[in-house]
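Everything in the sequence shown is counted per the numbering used here, starting at 50 for the first residue and increasing by one.
Step one of this worksheet: look at the structure below.
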Amino acid sequence: MKKWIAFASVMALTLIIAACGANSSGGNNSGNNAGAAVNTGAEPTSEVVLTASSWEFDQQEYQIKAGEPVALTLKSVDGVHGVQILKTAYKIGNNKTVTVQFDEPGTYEIICNIQCGVGHGKMKATLVVT
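Structure (structure tokens):
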């Protein structure tokens, strides 16, 4: 009986964690995968730092220019966070930098993709490519 309770608890926890990472909002996104190039290999022309703290980013909106490689850095002030730019393959780990390049203007939703506590679901921002 104890094994069954332990197994059910692990399964319930797994489902909860999986649900926290799901994107149910659909977002306000005019961009798509065609506008993004992963691992460009190009030298970044600028840097944008996304600072994450307890359940929020330091800005609601970040802007970059289309066609330019940009170094996106995730800086965590407290806790462990990660960033995912929805509708792209871009993910940034805690205190890491990734070079991104979007060929066409658009709007992309940024979320924290690491379960970071009670306010995790509210950790959202927007990346505007002009």
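Note that the Cβ used here is the ideal one computed from N, Cα and C, for glycine as well.
Note down the Cα distance separating residue i from residue j, rounded to an integer number of angstroms.
i      : j      : result
ALA138 : VAL149 : 10 Å
ILE159 : LYS52  : 40 Å
ILE134 : TYR157 : 7 Å
GLY128 : CYS165 : 7 Å
SER49  : PRO118 : Not covered by the structure: residue 49. The range shown for the chain is 50 to 179.
SER58  : ASN143 : 29 Å
ILE141 : MET50  : 42 Å
PHE151 : LYS136 : 12 Å
GLY131 : ILE54  : 32 Å
GLU110 : LYS124 : 16 Å
By DSSP's criteria, residue i is part of a beta bridge. Which residues make up the other side?
i      : result
GLU105 : SER102
LEU123 : LEU99
LEU176 : TYR111, TYR157
VAL132 : ILE141, CYS161
THR146 : THR122
Kindly give me the distance between the Cβ atoms of residue i and residue j, rounded to whole angstroms, as I take these residues to be in contact under 8 Å.
i      : j      : result
VAL126 : THR146 : Between THR146 and VAL126 the Cβ distance is about 16 Å, and since that is not below 8 Å, they are no contact.
THR122 : PRO154 : 22 Å between Cβ atoms; not a contact.
ALA120 : PRO93  : 4 Å
Could you check if residue i belongs to the surroundings of the ligand MG, using beta carbon to heavy atom distance under 7 Å?
i     : result
MET50 : The ligand content of the structure shown is nil, which means the ligand MG is not present either.
Runs of beta strand (DSSP E) lying entirely within the segment 148–172, each at least 3 residues, in chain order: 155–161
State whether the segment 103–111 contacts the segment 160–174, with contact taken as three or more CB pairs (one from each stretch) at a distance under 8 Å. yes
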